[in-house]
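Colleague: All residue numbers for the sequence shown refer to the numbering used here, where the first residue is 122 and numbers rise by one. Note that beta-carbon positions come from the ideal geometry of N, C-alpha and C, so glycine has one too. For clarity, every value in this text was computed on a predicted model and none was experimentally measured. Below is one structure. I have some questions about it.
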Amino acid sequence: MFTTALVRSAEGVYGLEGKRAYSIFTTGSSEDYIRTSRQKDLLYAANDNLFGFAKFADAELKLLYSVPRVTPEERQAMLLEVNQFVDRIFDLKPGEGGSTKDSLSHLALLEDLAKH
Numbered sequence: 122m123f124t125t126a127l128v129r130s131a132e133g134v135y136g137l138e139g140k141r142a143y144s145i146f147t148t149g150s151s152e153d154y155i156r157t158s159r160q161k162d163l164l165y166a167a168n169d170n171l172f173g174f175a176k177f178a179d180a181e182l183k184l185l186y187s188v189p190r191v192t193p194e195e196r197q198a199m200l201l202e203v204n205q206f207v208d209r210i211f212d213l214k215p216g217e218g219g220s221t222k223d224s225l226s227h228l229a230l231l232e233d234l235a236k237h
């Protein structure tokens, strides 16, 4: 997804700093299963830290559960949720969405860079 020089050049320039990432994930499992198995936590942490490492301003994701098992009406509701998720993106300024400023990787970068 990223090349090393694009994430951080030898001069310390972050080529993706301030960019925004919005992801849509679908699962075949129920929300309860994803939550209790901690997969939901893992997805959020991976999303925040992947994009936080590259100094994205925002990284937000939308999870849709049990997609293969829902009725046509439920699927229609999911599509409306996705439309609202996407429409909302364009109403936000960088840093107002799912911010990565508190991601562990971003904080580690700040700590590491402060020492150099």
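CB-CB under 6 Å to PHE174, same chain, minus the five flanking residues each way: which ones, in chain order?
Modeller: Around PHE174: SER226.
Colleague: For LEU185, count neighbouring Cβ atoms within 10 angstroms of its own Cβ and tell me buried if that reaches 16, exposed if not.
Modeller: Classification of LEU185: buried, given that the 10 Å Cβ count is 16 or more.
Colleague: Measuring CA to CA, which of PHE146, SER158 and PHE172 is closest to GLY218?
Modeller: With distances taken between Cα atoms, GLY218 lies closest to PHE172.
Colleague: Can you tell me which residues form a DSSP beta bridge with PHE146?
Modeller: Beta-bridge pairing links PHE146 to LEU184.
Colleague: Taking the C-alpha atoms as reference points, what is the distance between VAL207 and TYR143?
Modeller: For VAL207 and TYR143, the distance between alpha carbons rounds to 8 Å.
Colleague: Just checking, does the region 176-195 make contact with the region 144-159 on the three C-beta pairs under 8 Å criterion?
Modeller: Verdict: yes, contact present.
Colleague: Using C-beta distances below 6 Å, list every residue in its chain close to LYS161, excluding the 5 sequence neighbours before and after it, in chain order.
Modeller: These residues qualify, in order along the chain: ILE155.
Colleague: Out of curiosity, what's the CA-to-CA distance linking GLY216 and ASP153?
Modeller: Distance between the alpha carbons of GLY216 and ASP153: 30 Å.
Colleague: With burial defined as no fewer than 16 other Cβ atoms inside 10 Å of the residue's Cβ, what is the status of ALA180: buried or exposed?
Modeller: Under this definition ALA180 is a buried residue.
Colleague: Helix, strand or coil for ARG159, going by three-state DSSP, please let me know.
Modeller: Note: ARG159 maps to coil in three-state DSSP.
Colleague: Among ARG141, GLY136 and TYR135, which residue has its Cα nearest to the Cα of PHE211?
Modeller: Comparing Cα-Cα distances from PHE211 to each of ARG141, GLY136 and TYR135, the minimum goes to ARG141.
Colleague: For a test of the three-state rule: what should DSSP assign to ASP153, helix, strand or coil?
Modeller: Helix.
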